[in-house]
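Visitor: I have a structure here, written as structure tokens, and I will follow up with some questions on it.
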Amino acid sequence: MKTLERSFYDRRPLIVARDIIGKKLIRTLNDGSELSGIIVEAEAYEGNKDPASHAFRGKTPRNEVMFGEAGHAYVYFTYGFHHCLNLVTSSRFGKASAVLIRAVEPVSGIEEMKVRRKTNSVTQLTSGPGKLCQAFLIDRSLNGTDVTTMDSPIRLEDTSLKVRIAISTRIGIKQAADRMWRFYSKTSPYVSKSHVNATTGRES
DNA sequence: CACCCGATTATCT
DNA sequence: GATAATCGGGTGT
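Heads up: the first sequence begins at 519 in my numbering, then just goes up one per residue.
Laid out in structure tokens, this is it:
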């Protein structure tokens, strides 16, 4: 399967957020080893037209990647603990749009992810935006990375997977909380569920 | 330069 | 359901 090119990302974020479900995320480390997973959850952020977006109030040092070319990674640090991975989408329908990758289903490098996440529970490895960045060793040093080349440390591959997609409001935001801009695999056990107890598996 | 709080997670009750 | 952990971006003084 081939690396997704810029034209994939250079569309409106709602389209990309839906279409990115089922694609494979591949992280190549400095030693050449690979970690990968199938994207099962993503959200659209429409830049300067979206009150929930970091880019809503204009360009700052943190969000400037969002104002650049589609197909680059926007990685930010939040809550003093976590990194989140976004992919910049088209600027033709409003400036600075991006898609937040919220969860993947681990495919390869699972043993290494377990070490980094300090758990043996496979469903806990990458079922959340902060979790997957920890598992995939993604931090701000990768902010701005062009993800459209074969040798990029982060890239996406096309797949032939057919995924049943569900739609909902976005998670963890207060502004524009009613917009149905979250897309996820209807059947995947790897979709983020922050209200689910990690050890008991019970919903609270 | 002080203050507030966040596109989260783990752990406790 | 609630909260601690812990950093730094963004805003306003």
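From the three backbone atoms N, C-alpha and C, an ideal C-beta is built for every residue, glycine too.
Taking G648 as part of the alpha helix (DSSP H), name the residues at either end of that continuous run.
Guide: From DSSP, the alpha helix (DSSP H) with G648 extends over 647-653.
Visitor: Check for me: the alpha helix (DSSP H) holding P671 runs from which residue to which?
Guide: Per DSSP, P671 belongs to no alpha helix (DSSP H) and is neither H nor E.
Visitor: In chain order, which alpha helix (DSSP H) runs of at least 4 residues are fully inside the stretch 531-612?
Guide: Listed in chain order, the complete alpha helix (DSSP H) runs (minimum 4 residues) inside the stretch 531-612 are 531-537.
Visitor: Sorted by chain position, which residues of the same chain lie with C-beta nearer than 7 Å to N661's C-beta, five sequence neighbours on each side aside?
Guide: Cβ neighbours of N661 beyond the five flanking positions: V583, A591, Y592, V593.
Visitor: Assess, as a yes-or-no matter, whether the stretch 617-629 is touched by the stretch 597-607 under the definition of 3 or more beta carbon pairs within less than 8 Å.
Guide: They touch, by the three-pair rule.
Visitor: Bridge partners for D664 per DSSP, in chain order?
Guide: D664 is bridged to H590.
Visitor: Once DSSP output is grouped into helix, strand and coil, what is the label at Y527?
Guide: Y527 falls in the helix class under three-state DSSP.
Visitor: Under the three-state reduction of DSSP, which class applies to R682: helix, strand or coil?
Guide: In the structure shown, R682 sits in coil (DSSP, three-state: anything other than H, G, I, E or B).
Visitor: T641 by DSSP, collapsed to three states: which one?
Guide: T641 falls in the helix class under three-state DSSP.
Visitor: Taking three-plus beta-carbon pairs below 8 Å as touching, is the stretch 556-569 in contact with the stretch 694-712?
Guide: Yes: the two stretches touch, three or more of their Cβ pairs being nearer than 8 Å.
Visitor: Does the Cβ of M519 have 16 or more other Cβ atoms within 10 Å, making it buried, or fewer, making it exposed?
Guide: The residue is exposed, with fewer than 16 neighbouring Cβ atoms inside 10 Å.
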